[in-house]
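Counting the sequence shown from 1 gives a position; the working numbering is that position plus 137. C-beta: ideal position from N, C-alpha, C; glycine also. Every value quoted in this text rests on a predicted model; they were computed, and no experiment measured them. To keep things clear, I will list the structure first and then write my remarks on it.
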Amino acid sequence: SINGHALFRARDIKGAQGFELWISDGTEEGTHLLKDIYPGVEHGMPEPVEHAVFRDTLFFRGNDGQSGAELWISDGTETGTRLVKDINPGTESSEPGIFAATDSHVYFQATNGVTGEELWVSDGSNEGTQIVLDIEPGSGGSKPYAIQAAGDRVYFTAEDTQHGGELWVSDGTATGTKLVRDIVRGRDGSWPRHKAAIGGKLVFTANDGVHGIELWITDGTAEGTMLLKDIHPERGPNPSSDPQGLTAVGDLLFFVVNDAKHGAELWKSDGSNSGTALVKDIFPGPASSRPNGLTAFGNRLFFQAEDGTHGLELWVSDGTVDGTYLFADLNPGEASSSPHEFVPLNDDRIFFVATHPTFGKVLHSTRPADPVPQVYANVQGPSQLTRATIAGIGPCIYFVGDDGMRGRELWYVDAVHQPALVKDILSNHAAGSEPGDLTAVGDRLYFDADDGTHGRELFKTDGSGASTSLVQDLQMPASREKR
């Protein structure tokens with residue numbers, strides 16, 4: 138979504154261009170090739186690529202056939218869609234990727250053909266696009282990954298021959314880019330992975346070679362980088378608690394670990410050793426409750442878990458023992474409802490998919506104070522829950538589902554009404570139009586669908602059947618994939 142328009146990758150109707158960057162305002166006449174980056178039938182965007190949006194500008198990897206795969210930007214205009222810099226001069230590619238935007242810059246991995254893959258920074262200008270630091274001198278490169286924005290800095294994992302894979306921090310300057318701490322002395326590295334910010338600090342997972350993969354915390358200094366807690370203190374072939382699902386809720390970080398006593402259970406941390414603790418042994422003993430789908434909703438956490446009696450069901454936690462409880466046994470008994478795809482509509486209602494004992498896999502919603510979640514039984518197999526706004530209605534959840542008559546089509550639901558069919562795009566077909574790639578752009582939803590005539594193409598809707606239509610038939614009929 139750039140300046141109220143949808144930017145997307147597609148091929149043209151005549152096959153005169155390859156995969157290129159297109160733009161749409163939701164009308165047929167307003168949907169067109171934005172720029173033929175690689176003139177002719179070759180691909181300017183050969184595959185769906187990573188990207189970042191920074192100050193209403195799209196940063197992405199493009200190939201014009203002369204400069205190789207390089208850093209491009211677009212503000213939604215043809216003249217504003219341009220090569221930023223030929224980082225690896227000539228026809229060779231710098232292959233920019235792993236983008237992360239801060240308040241002032243976009244960071245990414247790239248190679249200039251001399252230094253190997255290193256961290257680069259850009260403000261969208263040629264002169265403002267430069268290598269941050271040659272961390273691993275020579276052509277090997279430090280191969281930065283897991284780039285995490287934190288305010289006006291980024292944390293990332295990089296590898297050099299002296300330290301191995303360790304945590305680094307950068308403010309976009311060479312002097313402000315440094316190894317945070319050499320957690321494992323020598324070349325082995327601690328290989329930091331999952332990262333999340335709480336209380337102005339970064340929490341991440343790393344392996345110091347002694348404690349296994351555990352939770353660490355840093356303020357960006359070596360002195361302020363430490364093991365948060367050895368959650369799995371037992372040594373042996375697998376000494377790691379291996380924290381997963383790091384999810385911030387206010388000033389608390391929730392995650393799932395196995396401490397070798399309680400199985401895989403829900404834990405929390407306030408950033409201190411004493412404040413890092415088991416929330417509750419949901420499945421008592423060494424068995425695991427298998428918390429999954431951790432989702433922040435207001436000041437609480439919603440997730441699925443199993444207590445050994447009720448199957449995988451809906452749980453909620455505020456970080457306290459008493460405030461962590463089975464919210465609803467949606468499929469009573471040992472059977473599981475397996476709630477998933479949690480999407481908050483607003484501060485007061487959250488939607489999700491779960492299995493009902495009578496209606497099967499259907500849409501549910503609840504408010505924190507509701508004793509029983511609401512069940513929407515008229516649509517089966519909902520998926521791709523996407524929050525958006527409909528003019529005159531307000532916040533809603535679009536989703537794809539099957540009412541047993543039309544196949545899989547596009548629906549929406551709000552906080553008050555039952556789900557409503559947006560439009561039967563492919564009538565009289567058991568499979569339906571099977572919408573995909575639901576993407577909200579302002580008050581409009583874009584998606585791809587197959588109406589049985591044009592193949593899988595770009596559609597849009599404002600929430601009503603009258604506003605739901607094929608935006609443009611982009612691909613030539615001879616190359617369409619048959620149903």
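- Shortest Cα-Cα distance from L208 to any of P185, V578, D319, E232 involves E232.
- DSSP places A491 in the uninterrupted beta strand (DSSP E) bounded by 487 to 493.
- The stretch 522 to 535 makes contact with the stretch 580 to 587: 3 or more CB pairs, one atom from each, lie closer than 8 Å.
- Rounded to the nearest angstrom, the Cβ distance from L352 to F391 is 12 Å, too far for a contact under 8 Å.
- The closest CA to that of G430, considering only G382, K498, I224, is found on G382.
- Contact between the stretch 255 to 264 and the stretch 319 to 338 is absent, with fewer than three C-beta pairs closer than 8 Å.
- The Cβ-Cβ distance between P519 and V537 falls below 9 Å.
- A Cβ-Cβ separation of about 6 Å places D345 in contact with S327 under the 8 Å criterion.
- Annotation for S502: R486, F488, Q511 place their beta carbon closer than 6 Å to its own, counting only its chain and skipping 5 residues before and after.
- Per the C-alpha coordinates, the member of V317, P370, V321, S564 positioned closest to D356 is V317.
- With respect to the 9 Å criterion, F434 and P508 are not classified as neighbours on the basis of their beta carbons.
- Shown here, P519 sits in a strand according to DSSP, grouped into three states.
- In the three-state reduction of the DSSP assignment, F156 falls in the coil class, being assigned neither a helical nor a strand state.
- Looking at the DSSP output, V186 shares a beta bridge with no other residue.
- DSSP places I272 in the coil class of the three-state scheme, outside both helix and strand.
- Beta-bridge partners assigned by DSSP to W209: F197, L220.
- Runs of the alpha helix (DSSP H) spanning 4 or more residues and lying entirely within the stretch 354 to 382 do not occur at all.
- Here the alpha carbon of S279 sits roughly 41 Å from the alpha carbon of P476.
- Apart from sequence neighbours up to five positions away, the residues of its chain that approach G361 with a beta-carbon distance below 7 Å are T355, ordered along the chain.
- Per DSSP, W328 lies in no beta strand (DSSP E) segment and is marked neither H nor E.
- By the Cβ criterion, the stretch 184 to 197 is not in contact with the stretch 167 to 176, since fewer than three pairs of Cβ atoms, one from each stretch, lie closer than 8 Å.
- G470 has its alpha-carbon roughly 12 Å from the corresponding atom of H493.
- Contact between the stretch 227 to 244 and the stretch 157 to 164 is absent: fewer than three C-beta pairs spanning the two stretches fall below 8 Å.
- If you look at N565, you'll find it isn't in any beta strand (DSSP E); DSSP assigns it neither H nor E.
- In this structure S377 is not in contact with E402, their Cβ atoms being roughly 15 Å apart against a cut-off of 8 Å.
- Our two residues, D223 and R198, have alpha carbons roughly 11 Å apart in a direct line.
- As the crow flies, the alpha-carbon of G323 is around 8 Å from that of T298.
- DSSP lists W257 as the bridge partner or partners of F245.
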